[in-house]
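In our numbering, each number is its position in the sequence shown, counted from 1, plus 9.
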Amino acid sequence: MIRFSSEINNGVNFFGKELAAGDHSFSSANYATKIHGFGVWLENYNAAGLATTPRAYMVPVGNDYLRTSSSQRQTRTWNVVEQRIPTPFTINQSDLHSPDYLPNLNGYDGSFAELRRHGDFRVYHDNGDSAADDSELILDSRLIGRSVWNSEWMLIIPGANLDADPMAGLTTLAETISDIKLHFKTYSHQGQ
Numbered sequence: 010m011i012r013f014s015s016e017i018n019n020g021v022n023f024f025g026k027e028l029a030a031g032d033h034s035f036s037s038a039n040y041a042t043k044i045h046g047f048g049v050w051l052e053n054y055n056a057a058g059l060a061t062t063p064r065a066y067m068v069p070v071g072n073d074y075l076r077t078s079s080s081q082r083q084t085r086t087w088n089v090v091e092q093r094i095p096t097p098f099t100i101n102q103s104d105l106h107s108p109d110y111l112p113n114l115n116g117y118d119g120s121f122a123e124l125r126r127h128g129d130f131r132v133y134h135d136n137g138d139s140a141a142d143d144s145e146l147i148l149d150s151r152l153i154g155r156s157v158w159n160s161e162w163m164l165i166i167p168g169a170n171l172d173a174d175p176m177a178g179l180t181t182l183a184e185t186i187s188d189i190k191l192h193f194k195t196y197s198h199q200g201q
């Protein structure tokens, strides 16, 4: 599990560190930069000892930050909780004529405000091939609409998706990879 924060401010990179050569940053001129898709790429991943299709979870556990669209340039903090909105069942004529049918109790699957689970996604890698590039990366849309700027993210790579022995898989992963690249496809809204 890797915990990190992200930031969108002038003079700092995505991780909130001082901007330097080779770094990436998002524009602070936009009041909202949100995720359309994301992916993770592992550099120097040695598939000889690990599964070819590793999986991971990317979970925003902190606060989302957005700027206001006004000229005041204030920052607002949002504590976003992923909740499930139940899907309504198909209602037929017999339901409508039944004296025991109560739409609030019988009309939908699940309950309101139930927390939604995060699904895993495929992690891509170079398979130990120095000539490989990350163009094969397929972005996941699980975090669509969430702010890129968040006070805390958790990247979880379960060992069970790497090797039959989860601890051995994590040890090999830590000893093998040289970098973890985060790829975001984003959209932004400009201020006034």
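Every residue, glycine too, gets a C-beta built ideally from N, C-alpha and C.
The structure displayed is predicted, hence computed values, not measured ones.
- C-alpha of Met10 to C-alpha of Gly168: approximately 10 Å in a straight line.
- Contact between Ser187 and Asn53 holds: CB atoms are separated by about 4 Å, below the 8 Å threshold.
- According to the DSSP assignment, Leu191 belongs to no alpha helix (DSSP H) but to the beta strand (DSSP E) extending over Asp188 to Gln199.
- C-alpha of Thr61 to C-alpha of Ile147: approximately 15 Å in a straight line.
- Taking all protein chains in view, the Cβ of Gly154 is surrounded by fewer than 16 other Cβ atoms within 10 Å, so the residue is classified as exposed.
- According to the DSSP secondary-structure assignment, Trp162 is paired through a beta bridge with Phe13 and Pro69.
- With at least 16 other beta carbons inside 10 angstroms of its own, Tyr74 counts as buried.
- In this chain, Gly25 is not harboured by any alpha helix (DSSP H), its DSSP state being neither H nor E.
- Where Leu148 is concerned, there is no enclosing alpha helix (DSSP H), because DSSP gives it neither an H nor an E.
- Shown here for Asn19: same chain residues with a beta carbon closer than 7 Å to its own, the five before and five after excluded, namely Ser37 in chain order.
- In the three-state reduction of the DSSP assignment, Gln102 falls in the helix class.
- A residue is called buried when at least 16 other Cβ atoms come within 10 angstroms of its Cβ; Phe24 does not meet this threshold and is exposed.
- Between Ile44 and Leu152, the gap from beta carbon to beta carbon is short of 8 Å.
- Looking at the DSSP output, Ile44 shares a beta bridge with Thr195.
- Val70 and Ser15 have their alpha carbons spaced roughly 12 Å apart.
- Between Asn170 and Pro63, the C-beta spacing is below 8 Å.
- Residue range Thr84 to Trp87 is occupied by the beta strand (DSSP E) that includes Thr86, with no alpha helix (DSSP H) assigned at that position.
- In the DSSP assignment, Leu124 falls outside any alpha helix (DSSP H), carrying neither H nor E.
- Leu51 carries a strand assignment under DSSP once its states are collapsed to helix, strand and coil.
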